[in-house]
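Residue numbers (my numbering): 18 to 83. Just so you know, even glycine gets a beta-carbon here, dropped at the ideal spot from N, CA and C. Just so we're clear, the structure is a prediction, and the values are computed from it rather than from any experiment. Taking it in order: structure first as structure tokens, then the write-up.
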Amino acid sequence: MATHAAAVDVSHVTTHGTLLAQNITDPNIIGQMQKAWANFIKTGQVWALLIGLGLGYLVRNLTSYG
């Protein structure tokens with residue numbers, strides 16, 4: 018049995034390093050998470066999350082059979 022190596026033509030593929038890399042301006046990940054959480058609480062989105070979870074649980078239980 019002869020084995021043949023598959024040749025793949027990638028000459029048409031262009032890569033741009035800037036598309037694959039990120040420019041991190043603030044490396045303080047924990048600080049960013051704390052700021053995002055504080056904003057989540059301050060804007061009241063936590064209440065929307067809790068109400069949505071409660072209603073979803075209620076609808077799931079009311080529509081399930083058995």
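N-terminal and C-terminal residue of the alpha helix (DSSP H) that residue 76 is part of: Here residue 76 corresponds to residue number 59 of the sequence shown, with the count starting at 1. Segment 62 to 80, the alpha helix (DSSP H) holding residue 76.
Grouping DSSP H, G and I as helix and E and B as strand, with all else coil, what is residue 55? For the purposes of this step, residue 55 is identified with residue 38 of the sequence shown, where counting begins at 1. Residue 55: helix per DSSP, three-state reduction.
For residue 43 versus residue 51, is the C-beta spacing smaller than 8 Å? Your numbering for residue 43 matches position 26 in the sequence shown. Your numbering for residue 51 matches position 34 in the sequence shown. Taking 8 Å as the Cβ cut-off, residue 43 and residue 51 do not qualify as a contacting pair.
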